[in-house]
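In the UniProt record's numbering, the protein residues as written are 1 to 130.
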């Protein structure tokens, strides 16, 4: 598999995964929240924050897929490099709030690494010859 194809597969999977996770947080917020890693969650009117998280993920997923479909691979690489901050900060938040280290590193840390690797692969690509 070529590097370009690998970057494309990783970007598509990342975009689709974000759409899926975002939809889960909108449709089943309390159930989805348990896997995030924080020990407590908003209740009552505070549950709107879970919808915010869901829409954040859907928005990021749509940005990834839109840039990929538009053929803007360098812009996608830059966007994904910037987006890697989100799961990395989620990892730090889970750790600071006393959540399980396994979830912090295994879910959020690995996600940050996967996003950063995908960004790196996209940014290393050479422009096509004219």
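Just so it is clear, CB atoms sit at the ideal spot from N, CA and C, and this is done for glycine as well. Treat the numbers as computed from the prediction; the structure is a model and nothing was measured.
N-terminal and C-terminal residue of the alpha helix (DSSP H) that residue 1 is part of: As a first step, residue 1 is located in the chain shown; it is residue number 1 there, counting from the start. Per DSSP, residue 1 belongs to no alpha helix (DSSP H) and is neither H nor E.
Distance CB(residue 6)-CB(residue 121) smaller than 9 Å: If you number the chain shown from 1, residue 6 lands on position 6. If you number the chain shown from 1, residue 121 lands on position 121. The Cβ atoms of residue 6 and residue 121 sit closer than 9 Å to each other.
Sequence-distant residues of its chain with Cβ nearer than 7 Å to residue 47 (five each side left out): The residue labelled residue 47 in the question sits at position 47 within the chain shown. Closer than 7 Å at the Cβ level, and outside the excluded window around residue 47, lie 29.
Given 8 Å, three or more beta-carbon pairs between the region 66–76 and the region 25–40: The region 66–76 is not in contact with the region 25–40.
9 Å Cβ cutoff met for residue 55 and residue 22: Working through the chain shown from its first residue, we reach residue 55 at position 55. Working through the chain shown from its first residue, we reach residue 22 at position 22. Taking 9 Å as the cut-off, the beta carbon of residue 55 is found closer than this to the beta carbon of residue 22.
Collapsed DSSP secondary structure at residue 100 in the structure displayed: As a first step, residue 100 must be located in the chain shown, where it is residue number 100. In this structure, DSSP gives residue 100 a state outside helix and strand, which the three-state scheme calls coil.
Secondary structure of residue 67, DSSP reduced to three states: As a position in the chain shown, residue 67 is number 67, starting the count at 1. Residue 67 falls in the helix class under three-state DSSP.
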